[in-house]
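One structure is given below, encoded as structure tokens.
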Amino acid sequence: MSDLARVRIWADALIRLHLDPAVWSFGFDNAKKRAGLTDYSKKRITVSRYLAARWGDDDVHQILLHEVAHALAGPAAGHGPEWRRMARQIGYVGRRTHDGETATELAPWVGTCPNGHVHYRHRKPTRALSCATCSRSFSRAYLISWTKREISSATRRAAAAASDFR
Ligand SMILES: [Zn+2]
Ligand SMILES: [Zn+2]
């Protein structure tokens, strides 16, 4: 768990180090599914206050580096070679997928409810789960049945390449 006041101190320090602090600023946002964002028009880097509070310091630091690299590389660079070069230069090593609930491509357990809604888990569920899309409370009528799939090394490589804080 990262202390938000400290996250702000790191962010300001990184902006002073790599960007122009008269131009770029830092703030928190309320996103739940992506960790960080670089707004090129407002020249502002933001980090989700929810995810920052949930993640460890190392992860939060990596999010900041990811976003600072976007600010350096510019919007046209995307996550291409120019961004990757910048990111590596300033110490970004993040490879895992940091977008929380949406990180489904590497989850080996795939479940479907009777109505065909698909669910993903990284670990085998230890108790019966029912589909939250079909019923907000637990319901035997909407039990999810789980199967395990193999995650190929090609999938792992693709996910690592796409590894992204946005
Ligand atoms: Zn369902
Ligand atoms: Zn990104």
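Its first residue numbered 456, the sequence shown is counted upward by one per residue in the numbering used here.
Glycine is no exception: its CB is placed at the ideal position from the N, C-alpha and C atoms.
This one's a predicted model, so the numbers in the text were calculated from it and none came from an experiment.
- In the three-state scheme derived from DSSP, where H, G and I count as helix and E and B as strand, residue 516 is classed as helix.
- If only uninterrupted alpha helix (DSSP H) runs of at least 4 residues are considered, those enclosed by the segment 461-533 are 504-509 and 512-528.
- Here the alpha carbons of residue 539 and residue 610 stand approximately 20 angstroms from one another.
- Residue 502 counts as buried, since at least 16 other C-beta atoms from the protein chains shown sit within 10 angstroms of its C-beta.
- Three or more beta-carbon pairs drawn from the segment 590-609 and the segment 567-575 are found closer than 8 angstroms, and the two stretches are therefore classed as touching.
- Around the Cβ of residue 469, a 10 Å sphere holds 16 or more other Cβ atoms; the residue is buried.
- Assigned with DSSP and collapsed to three states, residue 581 falls in coil, not helix or strand.
- Contact between residue 517 and residue 495 fails: their C-beta atoms lie close to 21 angstroms from each other, not under 8 angstroms.
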